[in-house]
Amino acid sequence: MTVRPAGLAGGGDAAAYYAADNYYTGEQEGPSAWGGEGAAELGLAGHVDGDAFNAVLDGRLPGGVVIAAGGDGTRNPGFDLTFNAPKSVSLVALIGGDARVVAAHARAVSATMAWAEARFGQARSSKGGETLQPARMVYALFQHDLSRKLDPHLHTHAVVVNAGLRADGSWVALNNRPLWKQSALIGAAYHAELRLELGKLGYETEINGKHGQFDILGIPRDVIETFSVRREEILQKAAELGLTSPRAMEQIATRSRDAKQAGDAQAARALWVQKAVVHGPAIHGVTQAAHDMVRPRSALAAVRDWGAALVERVTRGFGPSPEPLLRGLDDARRGGDLASAYAVAAGVRHLGERAASFEHRDVLTASLAMAEKGATVRGIEARIDALRQAGVLIAGPRGSVHADRLTTRDMLATEKTILSAVRAGVGTAAPPMATGMADAALSRVAGAHGVTLAGEQRQAGLAMLAGTDRIQLIQGDAGSGKSFLFETVSRAGAEGGVGLLVLVPQNKLMEEMAGRGLEMRSLASVLQAHGRSDGRARASEALSTLMAGKIVVLEEASMVSSRQLAGLIDVVRAGGAAKLVMVGDVRQIASPGAGRPFALLQEAGMPTVRLAENRRQQTDTLREAALLAREGRIGDTVALLGDRVCESADPAAAAVAEYLALPLGERERTALLTSGHVLREAVLGAVRDGLMAEGLLGPDAVTLRVWDNLNLTREELRQSRHWAEGMRLDIYRHQAGLVPGAYTVGATERGTGIVRLDRDGDTRRFDPRSLHHAGQGAALAVPGVIEVREGDRLVFTGTDKARGMTNGTAVRLDRIEGGTLHLSGRDRDHVIAPDDPMRERLGHGAVLNMHRAQGITVDRAITVMDSHDRLLNSQSLYYVLQTRAREDMTLHTDDRVALVAAIEGHRGDVPHALDLAPELSPSGGERFDPTTGELAPAGIVAESAESRDVRLLDAMSAALQAIGKEEIVAVPVLLVPEPVAIVQVEPIAPSRKELEIEISRDFDMDM
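First residue of the sequence shown? That's 1389 in our numbering, and the numbers climb one at a time after it.
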């Protein structure tokens, strides 16, 4: 972590500790300085005096002010925010001898702390602590340049004093929580500031990690590793323990620190000189090049360089037409403004691919992580505010629960389009069957199965077959018999000549529903085959053959994003379907894409049929637990389950022990489920070890090379830092000069970001930025290996339609003969030869994580959750976990109290775009003033200053495209964003302008 919060060190003499922390200086003491507006108010400035420092930590401020201790007689003196420069920066500063870099680091820290004070400096308004208000801070900066292993390590301790000056002039204890909690964001801001400072000094940098972490170009990796003894120790210890997570690395770093030794400065000098004999020339070469870069150049050369860089960024990054997120730049010649604008555009697109709305700080974090050199946190904040003023970004109403959330005008339009389409279709469709005929057919089909339809099932069946809503919603709680309903309706409809087509968002669901005689397709394949890049459907004979006159059922509708649903609505309309029926459960896991349209429609009051009776769980306890979990009462659920919730230090091992203790027949009826990928790997390894020990897996192993798709957003895919030699690029549709197929990724050119792509012996240079920001159909995969043995349960992770191999289909490895794999599945067997490409598309299937488990039903389930998995432990995920098993389930965890608290505090949903703009009712078509959040008077549209500046960027972008073409470009005039069109005629409305097609794959959102 670049900025790491920690408690204060040094015991009763913190001043001595921080002032003499092993500096590479003759006096063993580095520079220090007071900071913060509160410090200035107290007259604290310049070098930090030890006595004054210890006094303020004790709550005794200059002028006789004393901050009282807490109710228990103790007080927290403050905490330490440590700013760590990237290793390459430390090398050019301390080995390369560039004192300018040391000063640049100091300026970056000071600027970041000043911003953090303005943003997060807070104090309680009263003893009761009901509200927070801004507070001016006091902190001391201590600059160090040694690691505990005597490596060059430029860093600064910002010791934040537990004292804040409120606007009323009173000194009180500081509310430290925001500063501590937002340390990652503060670190990203520091990175941006430091990159800006280094750019002024002639250094080229590239982002290569989270939160904007970067390195200076030109410093070889082996040089960095040579001067990173401490890092290697941490990695070695982590390997010994089998740990890989950042949290584990942080804990190892904290717990394995060496004590400080006297005389470190002298030892460091000798060590650095020795290493510099070999590696010094490479470092000095970079510092010399940086000095050469800042030598005076002609004004013409500077303008040419600026113009070339601008053309490169605009044309490669965003295409020939300006987009809303880049409109309104009022000074195109200011590099920082441009860089901040590009950063915000990238950050918003990155977030907008996965969520319909997002918090302001999320935009800051994402933008800083993708920032070009020159962007700063203050510039990014200014750009966000400008886009809000222009109505491109829309904020929640002031004073509301969503006041700090943002959404895009585009997502707002998408949600309005969906809602308008459903509302317009209420009562307007010709029923596929007459009510009496449908009712009789349902009774006959159910009777043939020896069952009687329950009232709610009959109501749902009649709504599908004889209802007059063009888009019908069916809310089916977990275990309410949705699959049986589809089968019944399909056969009843067939009596009246009405077909049923079921679309599923996951291929795993197709396998689960196999054998019911249903016509099924994956949603992704239908959208890919019949959707266009502009979001409209491609009408064709094939589409009509697929859908004309049929009832199209969208299963697990809660897992479908807004963009997918908007595209499907248009495809269904163009295909001439009788109606679209959306079936799902709003309480289950939502789509990995942006938006929760199924929930949005129900919350908006669209007519919905409810299936609530639990027909899956076969005991009163499990049925009650499912109901409690649905209501979010996790504590009550865990209490009800009692001994079924097992707490242990190693829950993965405990779960495997329970599984292996079962008789073989019971194992076949029992599923092992985990909350995420890391736990899945731990459980999988342990259960296979146990099966091998029992002789249930064959003695001979075959190692398979496999590919795992990286879960990248489109914006991340366009950044070369996510690419590495040995990866594979899968292209599913023509784009950026690439034809569909698989490409091997070669070396990446540092600085330019150009990568080498190889395919069938042909090599080409490719710039990831040429992938369109709003495109689709591309994915990066990383190579891996798995070991398989006879008896292993496997799943296909890719698709070969010609041979009936579908992503997510489960198989068993029956025999291995000369390297050839003989697999048996539910419906057919497969033979995978050593040169078969599907050999790389196999994975272990003995353990499933929750995102793959949604939609399946098992007899018994043994589940594992870790209380520390903050992002995974949501109410929706737990609800899925709790409702998979018919007969029994157990849950293993490390801390049941902490797990309950984590789940109850995480609903697992994200506010809709329309939640942020409730005044934009789909039926009215009102315009609102984005400055005030209030409706504008009828017929009047206020134009903000930012909106008036839109012409400038349009003209600039058009002019850039005309360079070298010797043509005059007509500049379009667009003063303000056009009002969102409201669909009032067509029952099923057109979709949004850009259709995000999810290629057929596993939607695994594990972190």
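All C-beta atoms in this analysis are idealised placements derived from N, C-alpha and C, irrespective of residue type, glycine included.
Of the listed residues the options, nearest to residue i (C-alpha basis)
i, options, result
"P1819", "K1804, A1882, R1832 and G1855", "G1855"
"A1848", "A1834, V2235, Q1863 and S1946", "Q1863"
"N2195", "R1909, A2017 and R1998", "R1909"
"R1353", "A1427, Q1894 and T1876", "In the structure displayed, the chain extends from 1389 to 2395; residue 1353 sits before or after that span and is not available."
"V1765", "A1561, A1506, K1870 and E2035", "A1506"
"A1577", "I1768, L2098 and R2116", "I1768"
"D2215", "R2191, L1713, M2238 and G1784", "R2191"
"A1741", "A1754, A1440, L1830 and R2116", "Checking the sequence shown, residue 1741 turns out to be Glu, not Ala. Answer by Cα proximity: A1754."
"G1484", "V1526, I1604 and A1546", "I1604"
"A1677", "I1607, T2278 and M2253", "I1607"
"H1599", "T1519, R1524, A1731 and G1784", "A1731"
"V2170", "I1595, N2099, H1790 and A1829", "N2099"
"L2092", "D2303, I1574 and P2225", "P2225"
"R2272", "L1582, P1785, R2018 and P2222", "R2018"
"V1490", "A1727, M2193, Q1531 and H2210", "Q1531"
Where residue i sits in the DSSP three-state scheme
i, result
"G1651", "Per-residue confidence for G1651 stands at a pLDDT of 45, beneath the threshold of 50, marking its modelled position as unreliable; the derived number appears in the next sentence. It is coil, neither helix nor strand."
"A1551", "strand"
"P1669", "helix"
"M2277", "strand"
"P1393", "strand"
"V2298", "coil"
"S1878", "helix"
"P1540", "strand"
"P1522", "strand"
"E2103", "helix"
"Q2270", "helix"
"W1568", "helix"
"N1410", "Its pLDDT being 45, under 50, N1410 is placed unreliably in this model, and the value from its coordinates should be taken loosely. DSSP places N1410 in coil when its eight states are reduced to three."
"V1959", "helix"
"A2190", "helix"
"G1919", "strand"
"Q1676", "helix"
"P2156", "helix"
"I1604", "strand"
"L2117", "strand"
"E2137", "coil"
"T1933", "helix"
"G1740", "helix"
"T1593", "strand"
"A1511", "strand"
"L2126", "strand"
Boundaries of the alpha helix (DSSP H) in which residue i is found, first to last residue
i, result
"D1750", "H1748 to A1757"
"H1493", "A1487 to F1508"
"T1805", "R1797 to A1812"
"D2257", "Unbroken run through D2257: none, as it is neither H nor E."
"D2215", "From DSSP, D2215 is part of no alpha helix (DSSP H); its letter is neither H nor E."
"G2053", "L2052 to E2056"
"H2287", "A small correction: the amino acid at residue 2287 is Leu; His does not occupy that position in the sequence shown. Its alpha helix (DSSP H) spans residues R2284 to E2292."
Interface flag, residue i vs chain D, CB-CB below 8 Å
i, result
"L1534", "Going by chain labels, chain D is absent from the structure shown, which holds only one protein chain."
Limits of the unbroken beta strand (DSSP E) element including residue i
i, result
"T1910", "Here residue 1910 is Ser; the residue named in the question, Thr, does not match the sequence. First-last of the beta strand (DSSP E) with S1910: E1907 to S1910."
"H2088", "Checking the sequence, you will find Asp at residue 2088 rather than His. Note, D2088: premise wrong, no beta strand (DSSP E); not H, not E."
"G2073", "Per DSSP, G2073 belongs to no beta strand (DSSP E); it is in the alpha helix (DSSP H), H2065 to A2081."
"D2146", "V2143 to R2147"
"R1609", "Here R1609 belongs to no beta strand (DSSP E); instead the alpha helix (DSSP H) covers R1609 to T1614."
"V2235", "V2235 to N2237"
(request) At 3 residues or longer, and completely inside the region 1968 to 2046: list those beta strand (DSSP E) runs for me, N to C. (result) 1996 to 1999 and 2033 to 2035
(request) Kindly confirm or deny that the region 2198 to 2206 and the region 2136 to 2153 touch, where touching means at least three C-beta pairs closer than 8 Å. (result) The answer is no - the region 2136 to 2153 does not touch the region 2198 to 2206, with fewer than three Cβ pairs under 8 Å.
(request) Give, in chain order, every unbroken run of the alpha helix (DSSP H) that is at least 4 residues long and sits entirely within the region 1832 to 1876. (result) Counting whole runs of 4 or more residues, the region 1832 to 1876 contains the alpha helix (DSSP H) stretches 1843 to 1854.
(request) Please determine if the region 2001 to 2017 and the region 1878 to 1892 are in contact, where contact requires at least 3 C-beta pairs separated by less than 8 Å. (result) no
(request) May I ask you to verify whether the region 1962 to 1975 touches the region 2000 to 2008, counting CB pairs closer than 8 Å and requiring at least 3? (result) In short, these stretches do not touch, since the Cβ pair count stays below three.
(request) Would you check if there are 3 or more beta carbon pairs closer than 8 Å linking the region 2075 to 2087 to the region 2129 to 2145? (result) no
(request) Within the region 1419 to 1464, note down every full alpha helix (DSSP H) run reaching 4 residues or more, in order along the chain. (result) List check, alpha helix (DSSP H) in window: 1425 to 1429 and 1438 to 1445.
(message) When you compare the region 1770 to 1777 with the region 2276 to 2289, are there three or more beta-carbon pairs, one atom per stretch, that lie closer than 8 Å?
(response) Result no; under three Cβ-Cβ pairs closer than 8 Å.
(message) Quick check for students: name the residue ranges of the beta strand (DSSP E) that lie wholly in the region 2160 to 2209, counting only runs of 3 or more.
(response) 2166 to 2177, 2181 to 2184 and 2198 to 2205
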